[in-house]
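> Please see the structure below; I have some questions.
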Amino acid sequence: MRKSGPPKGLIAYLVLELLEERPRYGYEILKEITEISGGHWEPSYGSVYPILYKFEEKGWAERIEREDEPDRKYFELTDAGREELGERRDRGAEKAREFADIILGFFHVYATFATDDRFQIPDREGEWQFDETFSAWIVEQVARHHERYFDTEFQRLEETPTEFYDRHGVDDEE
């Protein structure tokens, strides 16, 4: 499990989204984010609780008492927090390209390490490796998650990136 995390600001956005759903406590939020990431991000208490305290200071969340769990620090979203969440959703819509570039960039580097003779990274027994088998496993996981989240069968797209961008009206000059 990877301890380092997602791009800056994404955990805070996820915390707002989760608090909009219902009041939560820090550990619950931490576990939910781990689950959302498929287990690849495991935020620490040191990242989630400061976000909650910051949101409390800014008036975006408030601490609530629960009689059934008096020792837990539950937080719920305020009206100001819902407003902030709306603004972050708008800004988040602009990040789809950035996320795709990160994902594709990392995969291309991974595959290049496996296939380009300029890179001489040794294989280590019992560890991940830069080879066709591990690369294929990554692609398989992406296909499985695509099918799961989008409730569809995976299909090959024969378009080049340029043809894909043209068909979807995406500006390729960014």
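Each residue of the sequence shown is one higher than the last, beginning at 1 in the working numbering.
Each residue gets a CB set at the ideal place from its N, CA and C atoms; glycine is no exception.
Nothing here was measured: the structure is a model prediction, and the numbers come from that model.
(1) Can you give me the start and stop residues for the beta strand (DSSP E) that PHE75 sits inside?
(2) Along the chain, where does the alpha helix (DSSP H) that runs through ILE138 open and close?
(3) For GLU65, collect the residues of the same chain with a Cβ closer than 8 Å to its Cβ; drop the 5 residues on either side in sequence, then sort them by chain order.
(4) So what's GLU17 in DSSP terms, helix, strand or just coil?
(5) Could you pull the start and end residues of the alpha helix (DSSP H) that ILE102 belongs to?
(6) Rounded to a whole number of angstroms, what is the C-alpha to C-alpha distance between ASP79 and TRP60?
(7) Can you pull the DSSP bridge partners for ILE64?
(8) If I measure Cβ to Cβ from ARG88 and keep anything under 7 Å in the same chain, skipping five residues before and after, which residues do I get?
(9) Can you tell me the Cα-Cα spacing of GLU32 and GLU125, whole angstroms?
(10) Are the beta-carbon atoms of THR34 and GLU42 separated by less than 9 Å?
(11) According to DSSP, ARG24 sits in a beta bridge with which residue or residues?
(12) Report the three-state DSSP secondary structure of VAL48 (helix, strand or coil).
(13) Please report the straight-line C-alpha distance between THR133 and THR152, rounded to a whole angstrom.
(14) Which of the three DSSP states, helix, strand or coil, is assigned to HIS40?
(15) Between TYR165 and ASP171, what straight-line distance do the alpha-carbon atoms span, to the nearest angstrom?
(16) Go through its chain and collect everything with a Cβ distance to LEU18's Cβ below 7 Å, but skip five positions before and after it.
By the coordinates alone:
(1) 74 to 77
(2) 132 to 150
(3) Cβ neighbours of GLU65 beyond the five flanking positions: TYR74.
(4) helix
(5) Residues 96 to 115.
(6) If you take the alpha carbons of ASP79 and TRP60, they lie about 7 Å apart.
(7) TYR74
(8) TYR13, LEU16
(9) 33 Å
(10) yes
(11) PHE75
(12) Residue state, collapsed to three classes: helix.
(13) 25 Å
(14) It is coil, neither helix nor strand.
(15) 7 Å
(16) Taken in chain order, the residues that qualify are ARG24, ILE29, GLU32.
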